[in-house]
Amino acid sequence: MESLSVGLCHSKPKKSVATAIVPEDYICTQGDLALIDFIKEIPCEPRVEVVLIDDAFVERKSMECLFQPNAYLGDEVIDCYINLIKAQKHLKCRSGGRVHIENAFQFNFLKRDGDVDIKTEELYPIEDMTQICSAERRVLLYLDHDMVFIPINIRETQWYLAVIHARNMEIQVLDSLGTSQDRKDLTDSIKGLQRQIDMISQRKELKDHRWPDLQVASWPLREIDMGYAKQTDSSSCGLFLLNYIEYWTGDELSDSFTQDDMSHFRKKMAAILLSSELNKRRGCLLYKNDKEVDSGSPSDVEILENPTDSKKRKLLHVLDDNEVVYEDEEGPITQADLQKWFVDDWDKRTPVKVSNDGCTNDFLMVGLSTKDMPVTKAESIDVLCDYIMAIEDDTTLEMTWV
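In the numbering used here, the protein residues as written are 16 to 417.
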């Protein structure tokens with residue numbers, strides 16, 4: 016795959032303000048087609064991760080929507096291409112101001128918070144600071160931008176783009192099917208954002224931001240006439256969505272495109288994702304086995320002994336390796352004991368052999384390299400101890416742990 020990607024050069028996502036995208040930029044070259052044919056030869060099972068761009072990934076099976084002309088685009092490919100757009104610095108600031116582009120699933124959280132039948136304290140319990148801090152980061156991030164682009168997915172039948180345009184104090188709707196009388200999903204998500212803003216403003220003063228008004232739920236919806244950039248089929252909405260995100264300045268599209276361009280772009284997008292220098296799986300595909308996919312855990316697991324009776328176990332303060340961490344009916348357990356059981360003994364196992372590029376078959380099947388772990392041994396032990404002590408259900412503690 017690496018050799019097939021070498022030499023491939025694409026104009027999309029748009030590389031500069033001065034660059035004009037032309038119809039040829041949507042059409043696959045012979046090199047693109049060769050790369051696509053190579054990927055299509057890979058079976059969908061066992062699962063293979065073929066694209067990893069920032070925090071978004073696409074498995075071989077999920078690429079199929081780009082190979083079938085009438086398929087509906089999934090969240091995975093949408094998010095990966097969005098990350099390519101976000102990597103273009105010139106697209107972060109447009110004539111309408113600073114831009115923040117959301118991922119494909121964020122809409123669901125906003126819509127959930129827009130449900131008036133659910134109280135705010137139920138969504139964000141005061142003891143759940145993780146949820147509250149997450150909402151606070153989102154609100155502050157939005158307020159630091161003039162435009163927020165939110166991909167909207169209507170029951171997996173239609174994609175369109177909502178733009179929170181703070182300078183104009185309006186919500187813009189870019190829909191490749193044209194105007195619609197029903198935007199309940201969008202209005203609910205805006206209500207959800209308003210709830211988050213109100214909640215955070217009660218906790219801290221929101222100042223020094225870029226929005227002239229924080230009552231976003233009162234801003235009008237404005238349907239944008241997309242002119243020739245409309246779909247004439249039943250399945251290209253996701254492709255139109257991505258190009259709206261790429262070209263919308265806040266007032267107009269910087270580049271023009273048609274349904275014919277989108278029909279070509281479907282395959283071209285596959286080549287762009289696969290060959291991108293930002294794709295960490297380029298030339299280094301990640302194979303996953305069934306256990307890893309089903310449980311979300313690496314395949315190289317070790318069965319641990321059942322925890323002791325939780326009623327007879329207590330956590331003590333830890334000052335050094337010889338200090339007792341736990342006490343149970345069998346005696347004290349020290350920090351050094353945990354180090355030996357969970358780290359030292361583990362390290363004696365046959366290590367995974369990783370080549371200089373980190374891409375041997377053994378590595379691919381394991382799907383995990385210790386060099387990728389951001390924590391130290393001591394931190395790993397601390398996390399494990401905290402997790403064990405947080406479990407209050409005896410039935411869970413008596414189960415076999417893996």
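All C-beta atoms, glycine included, are put in the ideal place defined by N, C-alpha and C.
As the structure is a prediction and not an experimental result, all values here were calculated from the model.
Three or more beta-carbon pairs drawn from the stretch 116-134 and the stretch 157-166 are found closer than 8 Å, and the two stretches are therefore classed as touching. Straight-line measurement puts the Cα of D143 at about 15 Å from the Cα of R152.
Sorting R296, L300 and M277 by C-alpha distance to the C-alpha of P84 places M277 at the top. Listed in chain order, the non-local C-beta contacts of T135 below 7 Å within the same chain comprise R210 and M214, local neighbours out to five positions each way being set aside. Three or more pairs of CB atoms, one per stretch, sit closer than 8 Å, so the stretch 94-109 contacts the stretch 253-261. Per the coordinates, the alpha-carbon of F272 lies some 23 Å from the alpha-carbon of I186. Residues of the same chain with a CB within less than 8 Å of the CB of S110, apart from the 5 flanking positions on each side, are T264, G265 and D266 in chain order. Taking the Cα positions, F124 is about 22 Å away from Y87. Bounds of the alpha helix (DSSP H) holding A150 are M144 to L158. About 23 Å separates the beta carbons of C108 and A71, which is beyond the 8 Å limit, so they are not a contact pair.
In the three-state scheme derived from DSSP, where H, G and I count as helix and E and B as strand, R237 is classed as strand.
Contact between F82 and A232 is absent: CB atoms are separated by about 41 Å, not below the 8 Å threshold. Taking C-beta atoms under 8 Å as the contact rule, S195 and K126 fail to qualify, at a distance of about 16 Å. The residue from V66, R281 and S31 with its alpha-carbon nearest to that of R296 is V66. Within the same chain, G89, E91 and V92 come within 8 Å of S77 by CB-CB distance, once the 5 residues on both sides are set aside.
Distance check between W226 and each of S250, L192 and R182 places R182 closest, using alpha-carbon atoms only.
By the beta-carbon neighbour count (other beta carbons within 10 angstroms, threshold 16), E64 is buried.
For A177, the enclosing beta strand (DSSP E) covers residues Q173 to H180. Here A33 is exposed, its C-beta having fewer than 16 other C-beta atoms within 10 Å.
When beta bridges are read from the DSSP output, R127 appears opposite no residue. By the Cβ-count criterion, S291 is buried, with 16 or more other Cβ atoms from all chains shown falling within 10 Å of its own Cβ.
Looking from the CA of M241, the closest CA among Q230, L293, D270 and L138 belongs to D270. Exposure of A49 is indicated by the presence of fewer than 16 other C-beta atoms within 10 angstroms of its C-beta.
In the DSSP annotation of this structure, the continuous segment of the alpha helix (DSSP H) that includes L81 starts and ends at E79 to F82. Annotation for Q211: the continuous alpha helix (DSSP H) segment containing it runs K199 to R218. The beta carbon of L158 is closer than 6 Å to those of H224 and W226 in its chain, skipping five residues each way along the sequence. With a threshold of 16 other beta carbon atoms within 10 Å, G129 meets it and is buried. With a 10 Å radius around the Cβ and a threshold of 16 neighbouring Cβ atoms, P28 comes out buried.
Rounded to whole angstroms, the gap between the alpha carbons of C148 and L208 is 14 Å. Straight across, the Cα-Cα distance linking K283 with I133 is about 43 Å. Annotation for F164: the continuous beta strand (DSSP E) segment containing it runs M162 to I169. Closest by C-alpha distance to L156, out of K222, F280, T172 and L201, is K222. H105 counts as exposed, since fewer than 16 other C-beta atoms from the protein chains shown sit within 10 angstroms of its C-beta.
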